[in-house]
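Here the structure comes first, spelled out in structure tokens, and everything after it is commentary.
Protein chains: 2
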Amino acid sequence: MYDKVYQGLGQALKTDFYELTMSAAYFQNNIDTLTTFELFIRKLPDNRSYLVFAGLEQVIEYLLNLRFTKKEILFLKRMPTFKYVKRDFFDYLRDFRFNGDLWSVPEGTIVFENEPIIRVTANIIEAQIIETFILSMINFQTLVATKASRVVYAAKGKPVIDFGSRRAHGPEAGILAARASYIGGCIGTSNVYAGYKFGIPVYGTAAHSYTMAFDSELESFKKYYDTFPETTVLLIDTYDIEEGARNAVKIGQSLKGVRIDSDNIIEKSKKVRRILDKAGLHNAKILGSGDLNEYKIDKILKEKAPVDMFGVGTEMVTSRDDPALGGVYKLVEQITDDGIKYRAKFSIEKATYPGKKQIFRRYDNNGMMKEDILTLANAKKPQGTEPLLKNYIKNGKLMKKLPELSQIRNTTVRNLKKLPNKYKNLYKVVHFRVKISPELKRLFRKLQNLYT
Amino acid sequence: MYDKVYQGLGQALKTDFYELTMSAAYFQNNIDTLTTFELFIRKLPDNRSYLVFAGLEQVIEYLLNLRFTKKEILFLKRMPTFKYVKRDFFDYLRDFRFNGDLWSVPEGTIVFENEPIIRVTANIIEAQIIETFILSMINFQTLVATKASRVVYAAKGKPVIDFGSRRAHGPEAGILAARASYIGGCIGTSNVYAGYKFGIPVYGTAAHSYTMAFDSELESFKKYYDTFPETTVLLIDTYDIEEGARNAVKIGQSLKGVRIDSDNIIEKSKKVRRILDKAGLHNAKILGSGDLNEYKIDKILKEKAPVDMFGVGTEMVTSRDDPALGGVYKLVEQITDDGIKYRAKFSIEKATYPGKKQIFRRYDNNGMMKEDILTLANAKKPQGTEPLLKNYIKNGKLMKKLPELSQIRNTTVRNLKKLPNKYKNLYKVVHFRVKISPELKRLFRKLQNLYT
Chain A
1 MYDKVYQGLG
11 QALKTDFYEL
21 TMSAAYFQNN
31 IDTLTTFELF
41 IRKLPDNRSY
51 LVFAGLEQVI
61 EYLLNLRFTK
71 KEILFLKRMP
81 TFKYVKRDFF
91 DYLRDFRFNG
101 DLWSVPEGTI
111 VFENEPIIRV
121 TANIIEAQII
131 ETFILSMINF
141 QTLVATKASR
151 VVYAAKGKPV
161 IDFGSRRAHG
171 PEAGILAARA
181 SYIGGCIGTS
191 NVYAGYKFGI
201 PVYGTAAHSY
211 TMAFDSELES
221 FKKYYDTFPE
231 TTVLLIDTYD
241 IEEGARNAVK
251 IGQSLKGVRI
261 DSDNIIEKSK
271 KVRRILDKAG
281 LHNAKILGSG
291 DLNEYKIDKI
301 LKEKAPVDMF
311 GVGTEMVTSR
321 DDPALGGVYK
331 LVEQITDDGI
341 KYRAKFSIEK
351 ATYPGKKQIF
361 RRYDNNGMMK
371 EDILTLANAK
381 KPQGTEPLLK
391 NYIKNGKLMK
401 KLPELSQIRN
411 TTVRNLKKLP
421 NKYKNLYKVV
431 HFRVKISPEL
441 KRLFRKLQNL
451 YT
Chain B
453 MYDKVYQGLG
463 QALKTDFYEL
473 TMSAAYFQNN
483 IDTLTTFELF
493 IRKLPDNRSY
503 LVFAGLEQVI
513 EYLLNLRFTK
523 KEILFLKRMP
533 TFKYVKRDFF
543 DYLRDFRFNG
553 DLWSVPEGTI
563 VFENEPIIRV
573 TANIIEAQII
583 ETFILSMINF
593 QTLVATKASR
603 VVYAAKGKPV
613 IDFGSRRAHG
623 PEAGILAARA
633 SYIGGCIGTS
643 NVYAGYKFGI
653 PVYGTAAHSY
663 TMAFDSELES
673 FKKYYDTFPE
683 TTVLLIDTYD
693 IEEGARNAVK
703 IGQSLKGVRI
713 DSDNIIEKSK
723 KVRRILDKAG
733 LHNAKILGSG
743 DLNEYKIDKI
753 LKEKAPVDMF
763 GVGTEMVTSR
773 DDPALGGVYK
783 LVEQITDDGI
793 KYRAKFSIEK
803 ATYPGKKQIF
813 RRYDNNGMMK
823 EDILTLANAK
833 KPQGTEPLLK
843 NYIKNGKLMK
853 KLPELSQIRN
863 TTVRNLKKLP
873 NKYKNLYKVV
883 HFRVKISPEL
893 KRLFRKLQNL
903 YT
């Protein structure tokens, strides 16, 4: 009953121009080495001790369907920068396909800074052109899935719904944020398209303008209830909130709930609960909304405000307290005529480890996450650990059936249960141990001596 | 040579579900009053004293092409929430068109908080369904155009290029950010799609991985220059930056420039400039990049670092220091059988003025912006002022030829020249005077007495 967002044509030019200029230089100089890039996050956002990985499905669809259309190639041909580039480069683009390999951790995996969470091995041009799209997709969805997991954690089992579309960074960002926040543990979204395309449960109440469009609040409530007799949640703070609650209870026992979209929700929810209870509407829920985030929800629940569900928007879909994830995509290995060349960066702040890598995760006796070990990809599995990176695409072909979105969400929930609570603290960062294997350290030092 | 991003089908479900539930309630209760909503920004982002309005073209394309497909309607019909909604509501959606009126300030207009910058008059359902899309488009593009104008102002005439796609909130956000930052005064973008779709000038250099893909830095530079003999800008800080500069000058006099993508750009650019000048490459430019924003650029130029152009990414496309614009869309007027009903909100923090409004702008004798006057739309033009809101769509039909993007950019540049510099201060907020006309104040007080 739903399609995917990224199918068909029209994605190839969603890239930085330098990916194409570099590609032309590679092509013209017959550089077509098999190259490996790894994507990792250098620094976690403020207050975060972990990340929830998301966005892989859109990356895979992009890689499987990546083509340049005739019109796009014509556009490139006419760019002044490409004036001296030989025309066979454009023939190459016409036949361009991603024929490489993609390894990745599954969506919903808990990951940490400097871990290689995606690994691409392909002809250098193929590996380069896809950089921008992959980064923007993974950076954003991982940012929001992570933020959402914090909001959901703060809500302590009370449902959280994404209400952020109107403040997201454009219509597509709203849809992707709905997907990512569902992966992060929300129960659904207000975005209808996200329901249509991804099968995410869709929720909606009404706006203040709805109430204002009628002559009286009570009339507006009654008309809404007539239309949705089994699912009515009424917004009660257009005028006076206690009056609103008293009007709402006139709907009767089958009212599902009320929404409060105001500051001061702690005090107001307590008053509203008393009015609902007094009228016998013990089952009517209170949905809170209005610039909520994990910190406010934590406070609301600590002060025992009777809010049963949370609608969270702006703060979650923009990850407002730290709105950009600094994912990078770095060259780590090339196969040339002279054999494997490992690539690394040696600067003190920005060192990157060379070679294709694997992450092995160790759990303690209670099944709780204990440490990760970063090794070369072909290293032997350290005893009692699990490899995190899986092979999704091989020679351009999909190797695994992708999970349903609800399964991904379950994966997140399950993984977060295995993450000790100290890493989920909303206010304090605790570093998870990521060990570098002795072989990897040796290789790094060897290269360092060679190049610096 | 380029298409528009938003054409054709597939936009209708990009809305919050409550827009559709409210619509069903209106439809079922025969409420089809002619309704006016206004969009305004309640609070400017931190440190901003003005906004650069952007995103209108995409809103207009959306309104002119808005349709529900059969498949989308089938999806809605099957939603449990709509179980009791009469089937003729879905027939209504099948034939749905936006037949209303759109008034807006032109893109590139300087606007302030609480000014109605978009006004929609339409059947209440039409006016309601479009809320989410309009808000997300205008909120995001206006946020980024404003941020870009600050970055461009800090750069004091030196060109600024958008490099932000990989950190934008998904691929579409990167494209919209390229458009908005061009409107805000950037000279171009690294995003190829933004060039293809919007005709924005596209720029690109090379990445560190490019240099690393060759056996030596010098070889990588020579091969790049062979491919792009007229436009080569070399990234010189993959290994040692001074060595990189010395390798770059070996390219000779036709080298266009070098890029420095490191911390400590002030000190490094001075060293690099000396190396370039010593080799006689006085015309080779230095392009600076790497987590730049208006504050860092201001510092770079105050310390007289010889940086000639700036590539700005993450900070600009996410408006990182304040990443969400709180635009709202409020009911201000309804035409019912009993005549005009004005709608307003009276809460102290969130008061909104009633009625269709117009903004009149007054300039001083030097042509500089002096004050705005908010009036009812049908009020007489105050002497010596200009109305800002224009009629773009009437009864669903486009009333004006839309300007080219380069013209919009010129509009911004021209408007910013008329804005006194004190409002452009990067660090200090200065409030521009927005007067409320006596008639509007009277109407507000009259309603206040009536309703509170």
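Taken in sequence, the protein lines are chains A and B. Following the working numbering, the numbering of the first sequence begins with 1 at its first residue and continues without gaps. Following the working numbering, the numbering of the second sequence begins with 453 at its first residue and continues without gaps. Even for Gly, the Cβ is constructed at its ideal location relative to N, Cα and C. The model shown is predicted, which means the values in this text are computed figures rather than measured ones.
Helix, strand or coil at residue i according to DSSP, with G and I counted as helix
i, result
"A:ALA122", "strand"
"B:PRO890", "helix"
"A:ILE340", "strand"
"B:ILE717", "helix"
"A:GLU172", "helix"
"A:TYR203", "coil"
"A:PRO80", "helix"
"A:TYR353", "coil"
"B:MET820", "coil"
"B:PHE666", "coil"
"B:LEU771", "In the sequence as displayed, the identity of residue 771 of chain B is Ser instead of Leu. Correct three-state label for B:SER771: coil."
"B:GLY740", "strand"
"B:MET761", "strand"
"A:LYS278", "helix"
"B:ASP455", "In this prediction, B:ASP455 scores a pLDDT of 45, lower than 50, which makes its location untrustworthy; the coordinate-derived value is nonetheless stated afterwards. If DSSP states are grouped into helix, strand and coil, B:ASP455 belongs with coil."
"A:GLY100", "coil"
Contacts around residue i, its chain only, beta-carbon distance under 7 Å, and the 5 residues preceding and following it disregarded
i, result
"B:ARG546", "PHE520, ILE525"
"A:ASP291", "THR314, GLU315"
"B:GLN900", "PHE798"
"A:ASP3", "Any reading at A:ASP3 must be qualified, since the residue scores a pLDDT of 45, below 50, and its modelled position is unreliable; no value is offered."
"A:THR81", "THR21"
Length of the line joining the Cα atoms of residue i and residue j
i, j, result
"B:LYS849", "B:ALA600", "32 Å"
"B:VAL603", "B:ASP553", "35 Å"
"A:LEU454", "B:SER633", "With chain A covering 1 to 452 only, the question about residue 454 of chain A has no answer from this structure."
"B:LYS808", "B:THR788", "15 Å"
"A:TYR84", "B:GLU755", "39 Å"
"A:ALA454", "A:VAL312", "Outside the shown range of chain A (1 to 452) lies residue 454 of chain A, about which nothing can therefore be said."
"A:LEU426", "B:LEU707", "51 Å"
"B:TYR605", "B:ILE712", "21 Å"
Chain B contact residues for residue i, given Cβ-Cβ distances below 7 Å
i, result
"A:LEU450", "What A:LEU450 touches in chain B: nothing, since even the nearest Cβ is about 12 Å away."
"A:LEU447", "Chain B residues near A:LEU447: none, gap ~12 Å exceeds 7 Å."
"A:MET22", "ALA658, ALA659, TYR662"
"A:TYR224", "ALA477"
"A:THR231", "THR533"
Partners in chain B for residue i, counting only beta-carbon separations shorter than 8 Å
i, result
"A:SER104", "Under the 8 Å cutoff, chain B gives no residues; its nearest Cβ is about 17 Å from A:SER104."
"A:PRO45", "Within chain B, no residue comes near A:PRO45; the closest Cβ sits about 11 Å away, beyond 8 Å."
"A:TYR423", "Chain B residues near A:TYR423: none, gap ~25 Å exceeds 8 Å."
Close-in-space but distant-in-sequence residues of the same chain around residue i (CB under 8 Å, 5 per side omitted)
i, result
"A:GLN334", "THR33, LEU34, THR35, THR36, ILE124, ILE340, LYS341, ARG343"
"B:THR690", "HIS660, THR663, MET664, GLU669, GLY696"
"A:PHE98", "LEU63, LEU64, LEU66, ALA122, GLU126, ILE130, ILE393, GLY396"
Limits of the unbroken alpha helix (DSSP H) element including residue i
i, result
"A:ASN65", "56-65"
"A:MET137", "131-154"
"A:ASN29", "That residue, A:ASN29, is in no alpha helix (DSSP H); it is neither H nor E in DSSP."
Own chain, CB closer than 6 Å to residue i, minus 5 neighbours either side, in chain order
i, result
"A:PRO45", "ASP322"
"A:PRO420", "MET368"
"B:PHE541", "ALA476, PHE479"
"B:LEU902", "none"
"A:LEU234", "PHE221, ALA248, VAL258"
Under 8 Å from the C-beta of residue i: neighbouring residues of chain A
i, result
"B:ALA665", "TYR26, ILE31, THR33, THR35, ILE124, LEU331, GLN334"
"B:THR679", "THR21, ALA24, ALA25, GLN28, ASN29, TYR84, VAL85"
Residue i, enclosing beta strand (DSSP E) - first and last residue
i, result
"A:ASN391", "390-394"
"A:GLY161", "According to the sequence shown, residue 161 of chain A is Ile rather than Gly. Where A:ILE161 is concerned, the enclosing beta strand (DSSP E) stretches over 160-162."
"B:GLU838", "837-839"
"A:ILE260", "257-260"
Chain-ordered chain A contacts of residue i [CB-CB under 7 Å]
i, result
"B:SER642", "ASP16, PHE17, TYR18"
"B:PRO775", "THR318, ARG320, PRO323"
Interface partners of residue i on chain B, CB under 9 Å
i, result
"A:TYR203", "PHE469, TYR470, THR533"
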